[in-house]
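Protein chains in written order, with my numbering: chain A, 1 to 278; chain B, 1 to 278. Built from N, CA and C at the ideal position, the CB exists for glycine as well. Single-structure report; data block below.
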């Protein structure tokens with residue numbers, strides 16, 4: 001593996017057009033040693049088969065995406081969410097990763113109560129965090145951009161994520177810092193310092209901000225270097241906070257998904273070196 | 001005018017399908033005594049003609065939208081922006097409103113420097129604020145939702161807007177609180193209190209948050225009551241902070257624009273009474 005790519009991790013969603021064996025083969029060919037996996041493709045290929053595939057290739061699984069969606073009020077829905085998150089922890093263990101990324105969930109249908117939804121996340125973490133810790137898995141709360149507050153994630157800032165995480169030991173619950181979600185926030189650098197001082201930066205992800213945003217605003221994350229975010233600046237913040245772990249590139253982008261996956265992977269690695277490392 | 005509508009102001013953009021005379025006539029017919037105007041339709045109808053029309057109808061112009069776009073680096077562009085904002089102040093004076101809403105502007109093309117852009121806004125305010133104050137006009141910095149940070153407004157939170165405003169006297173520079181832009185922000189209630197204590201809430205606007213967001217995310221603002229925002233809660237925050245002024249409903253919504261403007265206006269007034277007043 002080249003030194004430039006030592007910390008690079010490719011999140012599987014960036015090249016979701018690649019099958020699991022194609023992804024692993026492409027990583028091996030390009031000297032990429034780290035991958036972030038998603039539950040759905042892992043399930044499709046098979047949990048044990050995926051674990052064996054990445055282990056045999058010598059790949060490190062930096063994160064499993066994702067657990068969460070913990071804001072339901074209905075008791076049956078809440079029980080189902082907890083069961084699903086326990087399963088996600090078990091899958092993380094089987095894949096040999098120590099980090100499960102959590103997307104907290106939006107407002108229940110008809111609700112306008114952000115505060116209540118955030119509090120229900122804390123309630124769920126009280127159940128899930130010890131379960132995960134017993135299995136060697138850390139939960140990494142990912143604040144999502146405020147444009148997702150209603151329908152996807154009521155945790156919109158690193159400050160909110162840390163307010164939740166700090167109710168638990170750092171080895172149980174920390175945060176995911178994703179440039180796409182926090183780049184606009186002038187408080188984020190101080191919150192990264194807060195997170196780093198407590199050992200709570202459990203994942204660091206990159207995507208660039210490009211406009212115009214597509215309908216639904218889900219799949220418009222820009223390739224590294226194409227947008228408004230100074231990637232070196234954010235790498236500097238997490239490093240100043242003591243973070244030396246993998247740097248995962250996670251792009252949801254219809255345009256990239258329509259291209260050859262191996263070429264997208266190669267170009268993403270090049271962009272990482274150009275805009276983050278050198 | 002009914003007591004329920006005493007504080008209601010219809011922002012012209014909500015019913016942009018109405019001509020200026022149609023808007024004024026519809027307001028008179030519905031017992032609506034306040035309007036927020038936009039520069040482009042005012043210019044189209046004529047500044048003096050608009051001023052006479054609203055004056056003769058007994059309408060109060062609560063705000064003029066909008067000045068701003070103060071983030072350019074190029075000297076010629078900066079000079080043009082200042083000249084345009086002085087013209088906006090003059091138009092506000094002619095229309096008899098004391099409040100000019102400012103949308104600060106996004107990143108210049110190719111720039112990734114949010115901090116620098118925010119500082120250039122302060123530089124421009126140092127020129128514009130005294131000019132406006134001499135003419136009886138207050139500038140109201142409007143933080144826009146963080147999804148506009150790159151291409152429209154680098155001021156994303158009330159805290160950032162107040163950090164800028166507080167460099168100037170309160171009668172010169174304050175803020176616009178718009179529920180659409182700040183509803184996700186758990187720091188906003190405290191910042192509203194900060195703004196109110198200093199007499200810096202110069203405008204209070206409402207729009208609801210509905211999903212999915214449309215492409216470009218500009219024209220998907222929800223009718224009051226259709227979305228995720230508890231309007232009474234936010235009215236409570238500004239009132240607890242001492243604000244007793246007009247409450248302007250400003251919806252950018254392709255769906256509403258495709259309907260009969262008078263019906264939209266009547267329904268918006270009904271929704272205001274239902275979700276904000278009663």
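For a contact defined as C-beta to C-beta under 8 Å, what are the partners of residue i on chain A?
i              : result
residue 223(B) : Those do not exist, as residue 223(B) stays about 15 Å from chain A at its closest Cβ, beyond 8 Å.
residue 215(B) : 212, 213, 214 and 215
Going along chain B, which residues have a C-beta under 9 Å from residue i?
i              : result
residue 156(A) : 146, 184, 185 and 186
residue 107(A) : 228
By how many angstroms is the C-alpha of residue j removed from the C-alpha of residue i?
i              : j              : result
residue 237(A) : residue 251(B) : 38 Å
residue 279(B) : residue 149(B) : Residue 279(B) is absent from the structure shown; chain B starts at 1 and stops at 278.
residue 218(A) : residue 66(A)  : 16 Å
residue 132(A) : residue 177(B) : 42 Å
residue 143(B) : residue 31(A)  : 45 Å
residue 155(A) : residue 239(A) : 24 Å
residue 38(A)  : residue 37(B)  : 49 Å
residue 135(B) : residue 271(A) : 52 Å
residue 4(B)   : residue 276(B) : 10 Å
residue 258(B) : residue 102(B) : 27 Å
residue 228(A) : residue 188(A) : 16 Å
residue 209(B) : residue 29(A)  : 46 Å
residue 115(A) : residue 87(B)  : 43 Å
residue 44(B)  : residue 12(B)  : 13 Å
residue 260(B) : residue 254(B) : 12 Å
residue 211(A) : residue 110(A) : 30 Å
residue 83(B)  : residue 117(B) : 19 Å
residue 16(B)  : residue 183(B) : 25 Å
residue 223(A) : residue 198(B) : 43 Å
residue 269(A) : residue 179(A) : 17 Å
residue 40(B)  : residue 185(B) : 31 Å
Using a Cβ-Cβ cutoff of less than 7 Å, which residues in the same chain neighbour residue i once the five nearest sequence positions on both sides are dropped?
i              : result
residue 47(B)  : 91 and 94
residue 24(B)  : 53, 54, 57 and 59
residue 159(A) : 187 and 191
residue 7(A)   : 246 and 247
residue 243(B) : 196, 201 and 204
Kindly list, in the order they appear in chain A, the residues whose Cβ is closer than 7 Å to that of residue i.
i              : result
residue 149(B) : 184
residue 251(B) : Per Cβ cutoff of 7 Å: no residues; residue 251(B) is ~17 Å from chain A at best.
residue 160(B) : 186
By Cβ distance, which residues of its chain are closer than 6 Å to residue i, with the 5 residues on each side in sequence left out?
i              : result
residue 145(A) : 181
residue 128(A) : 85
residue 220(B) : 213 and 214
residue 200(A) : 165, 170, 174 and 175
residue 34(B)  : 9, 60, 62 and 246
residue 26(A)  : 262 and 265
residue 241(B) : 192, 193 and 196
residue 153(A) : 103, 104 and 144
residue 112(B) : none
residue 147(B) : 217
residue 234(A) : 179
By the criterion of Cβ-Cβ separation under 9 Å, what are the contact partners of residue i in chain A?
i              : result
residue 104(B) : Near residue 104(B) there are no residues of chain A at all, since even the closest Cβ is about 13 Å away, more than 9 Å.
residue 191(B) : Per Cβ cutoff of 9 Å: no residues; residue 191(B) is ~12 Å from chain A at best.
residue 205(B) : In chain order: nothing, as chain A lies at least about 18 Å away.
Counting only Cβ pairs nearer than 7 Å, list the residues of chain B close to residue i.
i              : result
residue 230(A) : 112
residue 209(A) : 150
residue 5(A)   : What residue 5(A) touches in chain B: nothing, since even the nearest Cβ is about 24 Å away.
Might you give, ordered along the chain, the residues of its own chain that have their beta carbon closer than 8 Å to the beta carbon of residue i, omitting 5 neighbours on each side?
i              : result
residue 120(B) : 70, 71, 72, 73 and 78
residue 89(A)  : 67, 100, 128, 131, 132, 135 and 137
residue 151(A) : 106 and 107
residue 42(B)  : 20, 50, 64, 91 and 95
residue 124(A) : 70, 78, 81, 82 and 85
Contact between the stretch 198-215 of chain B and the stretch 245-253 of chain B is defined here as three or more beta-carbon pairs at a separation below 8 Å; is this criterion met? yes
Report the start-end ranges of each beta strand (DSSP E) in the stretch 62-119 of chain B that is 3 residues or longer and not cut off at the edges. 99-103
Three-pair Cβ contact test at 8 Å for the stretch 157-168 of chain B versus the stretch 96-109 of chain A: no
Please go through the stretch 18-48 of chain B and give each complete beta strand (DSSP E) segment of 3 or more residues, from N-terminal end onward. 34-38
For the stretch 66-77 of chain A and the stretch 168-175 of chain A, state whether three or more C-beta atom pairs, one from each stretch, are separated by less than 8 Å. no
Which full runs of the beta strand (DSSP E) of 3+ residues lie inside the stretch 145-225 of chain A, going along the chain? 173-178 and 201-206
Do three or more CB pairs link the stretch 17-30 of chain A to the stretch 48-55 of chain A at distances below 8 Å? yes
Could I get the ranges of all uninterrupted alpha helix (DSSP H) runs contained in the stretch 241-278 of chain B, with 4 residues as the minimum, in chain order? Every alpha helix (DSSP H) stretch that sits fully inside the stretch 241-278 of chain B and reaches 4 residues is listed by chain position as 254-257 and 261-272.
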